[in-house]
Amino acid sequence: MKVSLTKPLLSFLSLILLLSSFINGANDSQFPIVEATIADIQLAFADGRLTSRQLVDFYIDQIERLNPLLRSVLEINPDARSLADEADWERESTTWRDGKSLLGELHGVPVLLKDSIATKDALNTTMGSYTLLGSVSPRDATVVERLRRAGAVIMGKASLSEWYGARSWLIPYGWCGRGGQGVNPYVELGDPCGSSSGSAISVAASMVAVSLGTETDASIICPADHNSVVGIKPTVGLTSRAGVVPVSPRQDTIGTVSDAVYVLDAIVGYDPRDHEATNAAAKFIPLGGYKQFLKEKGLKGKRLGVVRNPFLDIYNGSSAISTFECHLKTLRQGGATVIDHLEIENIDIINDAYQSGEGIALTTEFKVELNKYLHDLVNSPVKSLADIIAFNLENPELELMTKYGQEQLIAAEMTNGIGEDVFKAVDTMKKLSENGFEKLMKENELDAMVTLGWGASTVLAIGGYPAISVPAGYELSSKMPFGICFGGLKGTEPKLIEIAYAFEQATMVRRPPPIVRMGPIFNGSNFSIKEATIADIQRAFADGRLTSQQLVDYYIDRISRLDPQLHDVLEVNPDARCQADKADEARKEARWRDGRSSLGELHGVPVLLKDNIATKDALDTTTGSYVLLGSKVQRDATVLERLRGAAAVILGKATLTEWYRTRSSLIPNDWSARGGQVMSSKSNPPLASLVASVLSQSPHVRTQLGNKLQPMGRTVSDAVYVFDAIVGYDSRDHNAIEAAAKFIPKGGYKQFLKNDGLKGKRLGVVRNAFLAFYNGIFAISTFETHLSTLRYGGATIIDHLEVANKDIILDPFKNIIAFNSDNPDLEMTKKYGQEQFVMADMTSALGEDGFEKLMKESELDAMVTLGWAASTVLAIGGYPAISVPAGFESSNEMPFGLYLGD
């Protein structure tokens, strides 16, 4: 169902792509493969303009060119070319009727499989994880058997969100250990969504004609939406799950991405290996298959219900809403009756996995079903979920354990099988579906529900209902694709296909992505800089895959392309390339031992400085204000001297909240006159592409409270490497540093980067003051999961601690807060609030006596809090802290951290 290209070329890069995408057939005619549909391909097969071998060769070339950038394909089938040759031979030998062969629509067409769909061939099935690498499946998954029977060429395995995103809340959509971070082909900073990310990206970028994905909740609909392709999520049971790594027998389904109906026809049907589900759904399969419902007038006579609340909330202020209104007119013009502004009963409960019971059920079912799958493997490095957890702990670098963890896997392992709590949760979801979506559909006599985007996925998932996502447009400001979703009652795929196909043909919205260069490849290697840690970079330096000059050029290129949107860098150092050259020359002459140089971890690594850290070079130091522009300092800040001593490359100056926000309380966080307003996103926060940045209260620009140097990086280890470089005595800051110098350990801090660092630690949790800022259930439940992870790692958790003498300590804010609450118009508290006063009020008991007494009496190694609210407590006493990424809010996708203070 993916449409052919009919619009003019949009860019030079697109022109290059398309000009390289023609195949010369046997009759010297040309066939354009990019954006070709299955119908186009079969016509080209029929008239000799194309062979399966040429098609496979083209896709392999596309994968080899684009996959180092998009990271959507894990493996290419080594047998793909021989399978294509076999298909070509069969085509030459077959009987033709009315210009068509009798071999079927998928014959000779390459299909990419999500890496959760088992194949008994040379391909691995690993869920994107190294834990299952080398495992052997006893047989093909049933859907693969049916694809082979239809003559499809199994092209390879697509990447995915590792373990369907069920390993850790910290893992972004599209990331897995084996493949790295999948990249949206339309917007580099855009979310590719998951878990069938690789399946959608690969089709969108013409790396394959069609692909198979799987869905438990949103895993087909969301990636299809975000990558501008068609995705069909069938009724649960319509396609067999046998041979597919499972999550839930109630919600798992195998679906298709683009040219979807042809593939759906090939894979549906009863399977004794998945008897209960496929037997119940077999009655829905129409005689003659689904392609008969590809009707351009499929909208005529249909009743469509539009549900806006809450699905349009995430598009507030977006051009997508006006586009959606236009599409509703298109649906009416096509002959559909549109009933607008409908509501689903209990929608807020349905969308909350903890209130609906979906979270409890899926966590428990995942362990049970996964252990069954692992038990049936012919050979596997792991035999249970517990083995997977242990493997990850033993191989932290392979699976980036320090960065992402595995708290969700641990939570699943701690469940005790299907019990009363799961039965209750399933019953709750059944009632919510009956009284919500089904009631909506039946009372309004609807053929389909229509929503903008993918937000309705949970409504459809918990009831096992089908859905189709069709490309609907591209957001004007961000250029991100979005789709329109049609959902129906069980077995209504024929109606949904008619509606979706008619809409697609009427709008023809989809366009191919620009395919920009998103990550350099050096010396023919597969080294990707994006998300690389300092340790990764030093290894790449060591084996010649990377130079400092290449690294600096990469970051300067990213800054020039992204900073106009993010506003996070004020200046790039004009000497950065020169410093990088010097680092490369020094590396050539350095002494090496055991594959490592003696130059240190920061040698040749670019570092960005906050714009209050003085530099005596071509860079300005202005605290974000024009007032200091052009000012000259007498010398480098000491921290900078030490970074230069470590041979770090000073890349430039980062923006900040102007004058630390002491100029006016009306100034929003992260705004400065020189830089403007810093923008952020869930998966790519400001400076996400820089290895390390250093925040500081500069010795030259001081505030009254807290003049501490604070290294930042994407991982704890990166921050520690910077920390080691900048600590130490300085006569220019004698009083503070002389007192603190005794705390610096011999050998530095990197010796404490230990995988078993939790073992034996006593951690105290103070909830009363800090969790009040997280009213939502999601962040708090994530925090509870992280506490379980801390216990699992060997720490003793002392929970629900209170600070001594809280009630008798003077509270200077209580009267102010009360006055503002009593006079909301005077103080405009409805508009601006008084959260900082409230925070100060709630933490006022935690002064020096309270915090130190808490730590000493409970014999704690650290205090653990959710978020940043404890920062004032630690700041006024000069205590250290580390903030580690902990998750993303479900409602607004804002990141939040776990705060460890001592």
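Taken in order, the sequence shown gives residues -18 to 883; the numbers are from our numbering.
Cβ atoms here follow ideal geometry from the backbone N, Cα and C, with glycine treated the same way.
Annotation for Cys559: the continuous alpha helix (DSSP H) segment containing it runs Ala557 to Glu570.
At least 9 Å separates the beta-carbon of Ser864 from that of Leu841. Contact annotation: Gly434 and Ile391 have beta-carbon atoms that are not nearer than 9 Å. Ranked by Cα distance from Ser116, the first of Ala122, Thr123, Ala99 and Gly298 is Ala99. If you look at Pro49, you'll find it in the alpha helix (DSSP H) that goes Ser33 to Leu51. Here Phe724 is exposed. Its C-beta has fewer than 16 other C-beta atoms within 10 Å. Taken through DSSP and simplified to helix, strand or coil, Leu94 comes out as strand. If you look at Asp246, you'll find it in the alpha helix (DSSP H) that goes Ala241 to Ile248. In this structure, the straight-line span from the alpha carbon of Asp172 to that of Phe869 is close to 13 Å. The alpha helix (DSSP H) runs of length 4 or more contained entirely in the stretch 104 to 173 are, from start to end of the chain, 123 to 130.
Contact fails between the stretch 113 to 128 and the stretch 169 to 183, because fewer than three Cβ pairs, one in each stretch, are under 8 Å apart. With 16 or more other Cβ atoms inside 10 Å of its own Cβ, Thr488 counts as buried. With contacts defined by Cβ atoms closer than 9 Å, Leu441 and Phe463 do not form a contacting pair.
Counting other Cβ atoms within 10 Å of its Cβ, Met875 stays below 16 and is therefore classed as exposed. Within the DSSP secondary-structure output, Lys591 pairs in a beta bridge with Ala635. Ala513 and Val349 have their alpha carbons spaced roughly 35 Å apart. Note on geometry: alpha-carbon atoms of Leu590 and Thr603 lie some 12 Å from one another. Looking only at Lys740, Lys278 and Met410, the smallest Cα-Cα distance to Gly316 is reached by Lys278.
Of Met108, Gly132, Val54 and Ile152, the smallest CA-CA separation from Asp66 is found for Gly132. In the three-state scheme derived from DSSP, where H, G and I count as helix and E and B as strand, Glu277 is classed as coil. Under the three-pair Cβ rule at 8 Å, the stretch 362 to 369 does not count as touching the stretch 322 to 333. With respect to Ala139, Asp206 sits apart: the two C-beta atoms are not nearer than 9 Å.
Close CB contacts of Gly775 within its chain, under the 8 Å cut and outside five residues either way in sequence, are with Asp737, Leu739, Lys740, Gly741 and Lys742 (chain order).
Taking each of Gly657, Pro215 and Cys157 in turn and checking the Cα distance to Ser606, the smallest one comes out for Gly657.
Close CB contacts of Val168 within its chain, under the 7 Å cut and outside five residues either way in sequence, are with Ser459, Lys460 and Met461 (chain order).
Annotation: Gly469 to Thr777 spans about 49 Å, alpha carbon to alpha carbon. Taking all protein chains in view, the Cβ of Arg542 is surrounded by fewer than 16 other Cβ atoms within 10 Å, so the residue is classified as exposed.
DSSP lists Trp652 as the bridge partner or partners of Gln658. Just so you know, the alpha carbons of Gly282 and Glu485 end up roughly 17 Å apart.
When DSSP states are grouped into helix, strand and coil, Gly417 belongs to the helix group. Each of Gly444, Phe404, Thr432 and Asp402 was checked against the Cα of Lys420, and the nearest Cα belongs to Gly444. In the DSSP annotation of this structure, the continuous segment of the beta strand (DSSP E) that includes Lys214 starts and ends at Gly212 to Lys214. Around the beta carbon of Asp121, 16 or more other beta carbons sit within 10 angstroms, so the residue counts as buried. Under the 10 Å beta carbon count, His584 is surrounded by 16 or more other beta carbons and is classified as buried. It is roughly 15 Å from the alpha-carbon of Gly163 to the alpha-carbon of Gly194. Using a 10 angstroms sphere on the CB of Asp780, the tally of other CB atoms stays under 16, which defines it as exposed.
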